[in-house]
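Visitor: These protein sequences, in sequence, are chains A and B. With numbering that gives the first Met the number 0, letter number 170 in the first sequence gets 169, and the count goes up by one each step, no holes. With numbering that gives the first Met the number 0, letter number 127 in the second sequence gets 126, and the count goes up by one each step, no holes. All C-beta atoms in this analysis are idealised placements derived from N, C-alpha and C, irrespective of residue type, glycine included.
Protein chains: 2
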Amino acid sequence: MVKSKKDQSPEEKILTAAKKVFLAKGMDGARMQDIADEAGINKALLHYYFRSKEKLFETIFLEVANAFVPKVIKLFEEDTTVFEKIEIFCREYINQIMQTPYVPIFILNEINKQPEAFLKKILTGRNIPVEKFLAQLQKEIKQKIIKPIEPVQLLLNVLSLCLFPFVARPMIQLITGMDKNSFMAVMEQRKKEVPKLIIESIKK
Amino acid sequence: MVKSKKDQSPEEKILTAAKKVFLAKGMDGARMQDIADEAGINKALLHYYFRSKEKLFETIFLEVANAFVPKVIKLFEEDTTVFEKIEIFCREYINQIMQTPYVPIFILNEINKQPEAFLKKILTGRNIPVEKFLAQLQKEIKQKIIKPIEPVQLLLNVLSLCLFPFVARPMIQLITGMDKNSFMAVMEQRKKEVPKLIIESIKK
DNA sequence: GTCTATAACTCGATAGAC
DNA sequence: GTCTATCGAGTTATAGAC
Chain A
0 MVKSKKDQSP EEKILTAAKK VFLAKGMDGA RMQDIADEAG INKALLHYYF RSKEKLFETI
60 FLEVANAFVP KVIKLFEEDT TVFEKIEIFC REYINQIMQT PYVPIFILNE INKQPEAFLK
120 KILTGRNIPV EKFLAQLQKE IKQKIIKPIE PVQLLLNVLS LCLFPFVARP MIQLITGMDK
180 NSFMAVMEQR KKEVPKLIIE SIKK
Chain B
0 MVKSKKDQSP EEKILTAAKK VFLAKGMDGA RMQDIADEAG INKALLHYYF RSKEKLFETI
60 FLEVANAFVP KVIKLFEEDT TVFEKIEIFC REYINQIMQT PYVPIFILNE INKQPEAFLK
120 KILTGRNIPV EKFLAQLQKE IKQKIIKPIE PVQLLLNVLS LCLFPFVARP MIQLITGMDK
180 NSFMAVMEQR KKEVPKLIIE SIKK
């Protein structure tokens with residue numbers, strides 16, 4: 000259960016509020032006043048706990064990004080077949096993002112504006128076992144379990160099909176006339192549809 | 000051939016510069032000074048030609064969005080089979096975006112921040128013949144040319160696979176270690192891979 | 001620690017000379 | 001039309017009382 004506002008320390012209140020505002024408006028669009036209002040405290044207190052807007056943003060960005068990236072890494076780890084990996088990943092990832100649908104566009108957009116700044120911080124210390132996954136692919140191709148495929152194309156397919164709908168949600172909802180609930184129902188379907196589509200395409 | 004900087008009128012120079020800066024930094028992140036510098040003219044001149052930053056942004060946004068959306072509409076129009084539509088669309092769309100890879104994230108991000116403001120302007124006057132496309136799908140399903148599918152899922156699959164790689168390009172390049180040229184080579188491949196994957200999945 | 005008040009600064013916009 | 005100079009609103013950040 001999430002702590003009620005009263006029970007939170009000022010620092011927690013600020014972090015919660017900052018996350019909400021930054022996710023909605025991005026670094027450039029967010030105002031310290033908005034965050035203070037959202038947290039129900041004074042603007043000066045933001046600077047007392049976090050020295051500057053930039054520091055506060057960095058804290059939030061790293062927190063959000065660190066919750067967003069690891070699942071991708073799981074795709075490379077774990078000791079299961081490629082098919083199982085794909086199934087598990089799609090289901091869990093779509094599930095996770097349904098809880099926080101604004102996260103992908105936020106991250107991708109900020110990375111886009113700061114191609115260098117934060118990127119390294121996110122991935123530093125994370126050892127993505129790409130080699131291991133590539134080896135597994137090669138092995139299963141040799142065993143004729145899966146068709147010969149470009150690993151990059153497979154990675155792009157999985158990420159695209161899981162993430163893009165959330166990135167484009169406002170546009171999709173407008174084009175199709177769906178409301179939020181209909182959209183989420185479609186994404187619920189996709190937990191099964193996406194792995195099915197991908198596995199079909201690589202199964203021998 | 001693109002006009003050299005010298006041959007452009009001040010207005011053209013401003014538009015070119017504004018497009019570059021807005022695409023890179025978004026509405027909130029862009030500075031009128033940046034645009035003036037990029038155009039090699041004075042800040043005051045921006046206001047002489049375009050009354051305000053907002054007007055200038057609107058001009059650029061509509062220009063960019065109007066080049067971005069129509070191809071989606073072609074997916075619904077034209078008098079070809081569903082398979083042909085998918086093939087043509089993927090090839091042409093990926094091709095177009097390779098020329099302007101920053102456009103998708105720019106548009107999606109601005110729409111995300113202004114869910115109402117511009118959306119209507121883009122789509123007003125455009126009659127998206129959804130009904131016609133749905134009818135065609137139904138017909139080809141009945142004729143047993145394609146499997147029964149949810150139209151929304153098909154639309155999401157096509158758009159996701161074509162657009163997402165560009166939206167996530169900085170992240171993808173970092174994870175995989177590709178440079179811009181390698182990335183574009185992968186996208187060149189995708190012009191064939193994506194329609195193949197989608198058509199395989201719906202063919203009876 | 002938390003607040004009010006205000007300093008310091010950024011940036012869009014305008015006035016006015018040429 | 002194009003420039004320099006400057007204004008004024010809006011924001012981040014700090015000083016200082018409690």
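(1) List, from N- to C-terminal side, the alpha helix (DSSP H) runs of 4 residues or more that fit wholly inside the segment 18–77 of chain A.
(2) Going along chain A in order, which residues have a C-beta closer than 9 Å to the C-beta of Ile104(B)?
(3) Since Lys202(A) sits in a beta bridge, which residues does DSSP pair it with?
(4) Using the Cα positions of Pro194(A) and Gln172(A), report the straight-line distance between them to the nearest angstrom.
(5) Identify whether Arg168(B) lies in helix, strand or coil by the three-state DSSP scheme.
(6) Assuming Tyr48(B) contacts Glu83(B) under a Cβ cut-off of 8 Å, what Cβ separation, rounded to an integer in Å, is found between them?
(7) Taking a Cβ distance cut-off of 8 Å, strictly less, list which residues of the segment 145–162 of chain A are near chain B, in chain order.
(8) Three or more C-beta pairs closer than 8 Å, one from the segment 27–43 of chain A and one from the segment 34–42 of chain B: is that the case here?
(9) Should Val166(B) and Ile104(B) be called a contact, given that it needs their Cβ atoms to be closer than 8 Å?
(10) Given 8 Å as the limit, is there contact between the segment 69–82 of chain B and the segment 130–137 of chain A, that is, 3 or more CB pairs closer than that?
(11) Going by other Cβ atoms of all chains shown within 10 Å of its Cβ, with 16 needed for buried, is Leu61(B) buried or exposed?
(12) Counting only C-beta atoms, is Ser200(A) closer than 8 Å to chain B at any point?
(13) So with Cβ pairs under 8 Å, would you call Asp33(B) a contact of chain A?
(14) Whole angstroms is fine: what's the gap from Ile8(B)'s alpha carbon to Gln113(B)'s?
(15) When the Cα of Tyr92(A) is compared with those of Ile106(A), Ile110(A), Thr80(A) and Pro69(A), which residue comes out closest?
(16) Please list, in chain order, the residues of the segment 73–99 of chain A that have any C-beta partner in chain B closer than 8 Å.
(17) Could you work out which residue in Lys191(A), Ile145(A), Gln152(A) and Cys89(A) is closest to Ala184(B) when comparing CA atoms only?
(18) Where does the unbroken alpha helix (DSSP H) through Arg90(B) begin, and where does it stop?
(19) With 8 Å set as the bound, which would you pick, yes or no: does the beta-carbon of Leu136(A) sit closer than that to a beta-carbon of chain B?
(20) Please confirm if Arg30(B) has its CB atom under 8 Å from at least one CB of chain A.
(21) Mind listing the chain B neighbours of Glu53(A)? Cutoff is C-beta to C-beta under 7 Å, in chain order.
(22) Return the residue from the list Ile96(B), Glu53(B), Phe67(B) and Ala16(B) that minimises the CA-CA distance to Lys190(B).
(23) Tell whether a beta-carbon distance below 8 Å holds between Ile145(B) and Lys203(B).
(24) Could you check whether Leu160(B) and Ser159(A) sit closer than 8 Å to each other, using their CB atoms as the reference points?
(25) Helix, strand or coil, according to DSSP, for Arg125(B) in the structure here?
Guide: Let me spell this out:
(1) 31–38, 42–48, 52–67 and 69–73
(2) Result: Ile104, Leu107, Asn108, Asn111 and Val166.
(3) Ile145(A)
(4) Spanning the two alpha carbons is a distance of roughly 23 Å.
(5) helix
(6) With a Cβ gap of about 44 Å, Tyr48(B) and Glu83(B) do not count as contacting.
(7) Glu149, Val151, Gln152, Leu154, Leu155, Asn156, Leu158, Ser159, Leu160 and Leu162
(8) Output reads no: the segment 34–42 of chain B does not touch the segment 27–43 of chain A.
(9) yes
(10) no
(11) exposed
(12) With 8 Å as the cut-off, Ser200(A) counts as an interface residue toward chain B.
(13) no
(14) Checking the displayed sequence, the identity of residue 8(B) turns out to be Ser instead of Ile. About 32 Å.
(15) Pro69(A)
(16) none
(17) Gln152(A)
(18) Val81 to Gln98
(19) no
(20) no
(21) The contacting residues do not exist; Glu53(A) stays about 14 Å from chain B at best.
(22) Ile96(B)
(23) Between Ile145(B) and Lys203(B), the C-beta spacing is below 8 Å.
(24) yes
(25) coil
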